[in-house]
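What follows is a short report on a single structure.
2 protein chains.
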Amino acid sequence: MSVTAAQGFVAGGMACGIKENGAPDLAIVATIDGNAVAAAGTFTTNLCQAAPVQISREHLADGKAAAIVLNSGNANAATGEPGRQHARAMCSLTALGLGIEPTNVLVCSTGLIGIPMPFQGIEAGIPQLTAKLGATDQDGIDAATAILTTDTVKKEAVATAIIGGITITIGAMAKGAAMLSPAMATMLCAITTDCAIDQPVLHQALAAAVDETFDCMDVDGARSTNDTVLVLANGAASNNIIAAPDGDDYHHFVAALTTVCGSIAEQMARDAEGATKFARVIVQGARSKGDAKLAARGITKSQLVQCSLYGGDPYWGRIISECGASGAYFDPEAVSISYQGITNCRNGIPAIHDTAKLMELMQQRDIEIVVDLGTGGHGNHTMLTTDLAPGYIAENMRTS
Amino acid sequence: MSVTAAQGFVAGGMACGIKENGAPDLAIVATIDGNAVAAAGTFTTNLCQAAPVQISREHLADGKAAAIVLNSGNANAATGEPGRQHARAMCSLTALGLGIEPTNVLVCSTGLIGIPMPFQGIEAGIPQLTAKLGATDQDGIDAATAILTTDTVKKEAVATAIIGGITITIGAMAKGAAMLSPAMATMLCAITTDCAIDQPVLHQALAAAVDETFDCMDVDGARSTNDTVLVLANGAASNNIIAAPDGDDYHHFVAALTTVCGSIAEQMARDAEGATKFARVIVQGARSKGDAKLAARGITKSQLVQCSLYGGDPYWGRIISECGASGAYFDPEAVSISYQGITNCRNGIPAIHDTAKLMELMQQRDIEIVVDLGTGGHGNHTMLTTDLAPGYIAENMRTS
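Keeping their order, the protein sequence lines are chains L and G. Counting in the numbering used here, the first sequence runs from 1 upward without gaps. Counting in the numbering used here, the second sequence runs from 401 upward without gaps.
So, in structure tokens, the structure goes:
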């Protein structure tokens with residue numbers, strides 16, 4: 001259940017030969033009737049934007065789209081003008097197969113950077129795939145499977161909301177297992193919903209959901225050239241259209257969208273390359289939300305904190321040091337830190353605690369670190385991260 | 401040859417029992433006559449400053465010092481008021497042994513954070529050490545050895561300059577093998593010189609040298625609670641005093657000081673925990689020095705670039721992606737990248753090159769990456785970094 005969960009969307013996936021091992025590498029998501037519907041996207045802030053990002057931005061300028069074509073196995077990044085021609089051709093071929101306009105097709109690629117796209121397989125594959133899109137769960141699964149790279153599991157999420165008495169559905173599929181960083185993660189995510197919502201409002205809702213989810217995760221601080229989150233809203237649920245970014249309907253929609261994106265974000269962190277631990281870092285008691293974010297991001301971007309997580313070592317000295325380097329303001333001698341609910345630092349110095357119990361709890365896969373900056377303020381922020389394990393190095397040391 | 405290379409300084413090192421394995425862990429550097437001389441320091445910008453940093457800042461307020469006492473095996477950080485009392489006591493004991501004022505003693509500690517200082521050994525050790533300081537090479541070596549933590553080799557450097565016809569000498573010892581980051585590295589460095597130089601000028605010279613050396617190195621982006629670089633200048637060379645931060649004498653002094661700091665910085669990067677590669681990243685053709693710094697720092701802080709170095713993989717896609725995420729401005733399709741003198745990216749896309757030859761050159765320990773941002777500007781900046789190897793994780797996964 002993912003991008004085919006909402007009414008009125010079809011999807012599919014297949015292997016077209018981009019990946020040398022023959023794994024699925026091509027996916028399409030489309031409106032069932034080919035109509036262009038409200039669409040919104042958020043993209044990498046990297047100055048080096050992959051060709052598909054450049055083309056999707058162009059095609060999204062009118063706020064409408066009817067389909068998304070995605071490939072894994074090659075990022076089509078740092079590929080120059082030939083890369084843009086390939087990205088445009090992916091849109092044209094998809095449009096041809098579906099009987100729609102090329103400018104209503106968005107395109108995403110993920111894989112290695114700086115390798116010319118092997119286009120023969122794509123050229124043959126897209127017509128085959130457009131002919132066999134479907135609305136079943138399996139079609140959604142096929143699409144979700146075809147966008148994976150180093151991911152070990154597919155990522156899907158579905159949520160519903162009641163808008164004016166009518167149930168709307170939001171479904172998503174995504175890839176992402178490394179280069180996960182706030183602003184924003186190295187990932188592709190395609191979201192569909194049958195909610196009726198004006199395009200500018202959809203865009204605002206997406207930005208709000210991304211801010212609370214994908215931007216609250218840091219595995220290795222990397223931002224890539226291809227990061228893209230797209231949402232298509234076809235209005236098939238026939239709810240009263242959400243026309244403004246306020247009111248109950250809007251907030252219910254944002255809540256459901258945030259649930260979907262939050263689930264995907266957590267799935268990505270849990271599947272992070274080589275990771276053996278999943279950690280939630282909660283900073284509270286900061287002067288402001290901004291300070292809490294600085295401290296939480298400082299902690300989660302720390303390789304040393306990540307190494308300690310790998311070792312199951314509740315070494316709070318690195319946590320307080322990262323807070324101090326983060327730019328957040330606080331009194332180091334008012335800070336308390338706990339791991340797994342056990343406080344081992346109080347007022348900035350070691351706190352007596354049950355060390356045997358704590359070491360036992362540190363063996364769990366899920367680790368919760370709570371840092372109270374002790375300023376008396378109410379600023380708080382939560383970030384997700386993982387440990388840094390040898391498997392991460394093994395995964396990333398060579399491209400082939 | 402290190403802190404005893406310049407005339408008029410004594411030093412020594414010993415094991416006092418802070419390290420459980422009995423390795424040397426206590427060092428002192430002092431003026432031979434106990435006179436307080438021109439002194440300057442740069443310290444961590446971390447908000448969480450270790451007790452010795454707090455006390456050294458106090459004692460350096462008058463710009464004079466006669467001695468530095470240093471210990472390894474415990475950082476005396478996040479130790480609250482008891483930690484400050486211990487740092488003050490280290491100064492008092494040193495002063496007592498040398499017959500000088502406690503406020504003329506500076507103090508440095510390095511080791512684990514958040515562990516109360518085991519003070520008995522220090523209390524017994526300092527009087528023994530002050531009684532046996534000497535000016536021989538071996539005394540300098542003993543001091544340089546006693547400040548090491550995870551370092552596998554001691555770090556020393558010496559340079560000379562001719563100031564008004566007279567040769568002055570600068571010597572330094574340092575520790576640092578991880579948590580190396582610009583602004584500034586996690587390290588202790590003690591420098592002595594017999595040059596006659598006014599204190600404000602000495603401070604400015606130190607800042608200039610640090611900016612060009614320790615701030616141009618990134619191993620893991622970490623800034624600790626204890627980072628300190630100190631310099632004592634006793635004037636024993638009897639040169640015409642350098643009284644202003646300009647003119648040939650000043651520039652010769654800065655050049656020699658930069659040589660010393662640069663050598664120490666390179667020694668630290670070469671000894672980085674677990675590292676198997678040493679890399680020099682040269683960014684040129686940027687619009688400005690600032691943009692070149694942004695790009696160079698973006699590259700060297702990248703775990704993924706470091707993983708590729710470990711694998712000996714000249715994956716320029718990650719380099720261009722990090723430049724794009726760095727905030728530097730350039731046209732991605734004007735960028736050229738070379739490894740070991742072989743250009744494998746030109747105008748932002750793959751360049752035909754001798755891949756077999758390049759893969760062979762990537763087996764070397766020393767790697768040079770040159771990135772030309774192609775803006776037509778003359779901004780350039782060089783940073784040092786290392787690979788990210790499994791040994792780094794092994795070293796940092798547990799504190800004990």
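Note that the Cβ used here is the ideal one computed from N, Cα and C, for glycine as well. Computed from a prediction, not measured in an experiment: that's the story for all the values here.
Practice task
Confirm, please, whether the CB-CB distance from glutamate 722/G to isoleucine 699/G is below 8 Å.
Solution key: Between isoleucine 699/G and glutamate 722/G, the C-beta spacing is below 8 Å.
Practice task
Pull up the DSSP beta-bridge partners for methionine 414/G, would you.
Solution key: Leu426/G
Exercise for the section: Could you say which of Glu481/G, Leu470/G and Ser402/G lies nearest to glycine 348/L if we only look at CA atoms? Expected result: Glu481/G
Exercise for the section: Identify each residue in the region 333-346 of chain L for which the Cβ-Cβ distance to at least one residue of chain G is less than 9 Å, and report them in chain order. Expected result: Glu333, Val335, Asn344 and Cys345
Practice task
Rounded to whole angstroms, what's the CA-CA distance from alanine 438/G to threonine 567/G? Just pull it up for me.
Solution key: 19 Å
Practice task
Give me whichever residues DSSP pairs with cysteine 345/L in a beta bridge.
Solution key: Ile337/L and Pro350/L
Practice task
Using only alpha-carbon positions, find the residue among Leu426/G, Thr676/G, Gly497/G and His652/G that is nearest to arginine 765/G.
Solution key: Thr676/G
Handout entry: Check whether isoleucine 367/L and alanine 279/L have beta carbons under 8 Å apart
Key = yes
Exercise for the section: Please list the residues of the region 80-106 of chain L that have a C-beta atom closer than 7 Å to any C-beta atom in chain G, keeping them in chain order. Expected result: Gly80
Practice task
Answer with yes or no whether the minimum CB distance from leucine 512/G to chain L is below 8 Å.
Solution key: yes
Handout entry: Test: cysteine 448/G CB closer than 8 Å to a CB of chain L
Key = yes
Problem - Cross-chain neighbours of tyrosine 715/G in chain L, by beta carbon under 7 Å - result: Thr399
Exercise for the section: Using a cut-off of 7 Å between C-beta atoms, extract the partners of leucine 388/L located in chain G. Expected result: Ile793
Handout entry: Delimiting residues of the alpha helix (DSSP H) encompassing glycine 712/G
Key = Segment: none, glycine 712/G is in no alpha helix (DSSP H) and carries neither H nor E.
Exercise for the section: With a threshold of 16 other CB atoms inside 10 Å of the CB of asparagine 46/L, please say whether the residue is buried or exposed. Expected result: buried
Practice task
Give the residues of chain L in contact with leucine 758/G, contact being defined as C-beta atoms less than 7 Å apart.
Solution key: Contact annotation for leucine 758/G against chain L: no contact, minimum CB-CB distance about 13 Å [criterion: below 7 Å].
Handout entry: Alpha carbon of glycine 285/L to alpha carbon of threonine 213/L, nearest angstrom
Key = 21 Å
Handout entry: proline 527/G at chain C interface by Cβ criterion, 8 Å
Key = Of the chains in the structure shown, none is chain C; the protein chains are L and G.
Handout entry: Contacts around glycine 534/G, its chain only, beta-carbon distance under 6 Å, and the 5 residues preceding and following it disregarded
Key = Val410
Handout entry: arginine 318/L, buried or exposed, once every other Cβ within 10 Å from all chains shown has been counted against 16
Key = Buried, because 16 or more other Cβ atoms sit within 10 Å of the Cβ of arginine 318/L.
Exercise for the section: Note down, in chain order, every chain G residue with its Cβ under 9 Å from the Cβ of glycine 377/L. Expected result: Residues of chain G passing the Cβ test: none, with the nearest at roughly 15 Å.
Exercise for the section: Output yes or no for whether 8 Å exceeds the beta carbon distance between aspartate 425/G and glycine 497/G. Expected result: no
Handout entry: Interface flag, glutamine 703/G vs chain L, CB-CB below 8 Å
Key = yes
Practice task
Pull up the distance between the alpha-carbon of isoleucine 126/L and that of leucine 93/L, whole angstroms please.
Solution key: Here the alpha carbon of isoleucine 126/L sits roughly 6 Å from the alpha carbon of leucine 93/L.
Exercise for the section: Answer yes or no: does any C-beta atom of chain G fall closer than 8 Å to that of tyrosine 310/L? Expected result: At a cut-off of 8 Å between beta-carbon atoms, tyrosine 310/L makes contact with chain G.
Practice task
Taking only beta-carbon positions, decide if alanine 477/G is within less than 8 Å of chain L.
Solution key: yes
Practice task
State yes or no: is the C-beta of proline 518/G within less than 8 Å of the C-beta of alanine 487/G?
Solution key: no
Handout entry: First through last residue of the alpha helix (DSSP H) which encompasses serine 263/L
Key = 247-270
Problem - Backbone secondary structure at phenylalanine 9/L - three-state DSSP - result: In the structure shown, phenylalanine 9/L sits in a strand (DSSP, three-state: E or B).
Problem - Element boundaries [beta strand (DSSP E), containing arginine 680/G] - result: 678-686
Practice task
Put lysine 154/L into one of helix, strand or coil per three-state DSSP.
Solution key: coil
Handout entry: Closer than 7 Å at the beta carbon, the chain G residues around asparagine 324/L
Key = Note on identity: in this sequence residue 324/L is glycine, with asparagine being the wrong assignment. What glycine 324/L touches in chain G: Asn446, Leu447, Cys448 and Thr625.
Exercise for the section: Report the three-state DSSP secondary structure of leucine 602/G (helix, strand or coil). Expected result: If DSSP states are grouped into helix, strand and coil, leucine 602/G belongs with the helices.
Exercise for the section: Could you tell me whether any Cβ in chain L is nearer than 8 Å to the Cβ of isoleucine 566/G? Expected result: No, isoleucine 566/G does not count as interfacial toward chain L.
Exercise for the section: Let me know if valine 553/G comes out buried or exposed under the rule of 16 or more other beta-carbons within 10 Å of its beta-carbon. Expected result: exposed
Handout entry: Boundaries of the beta strand (DSSP E) in which leucine 506/G is found, first to last residue
Key = 505-510
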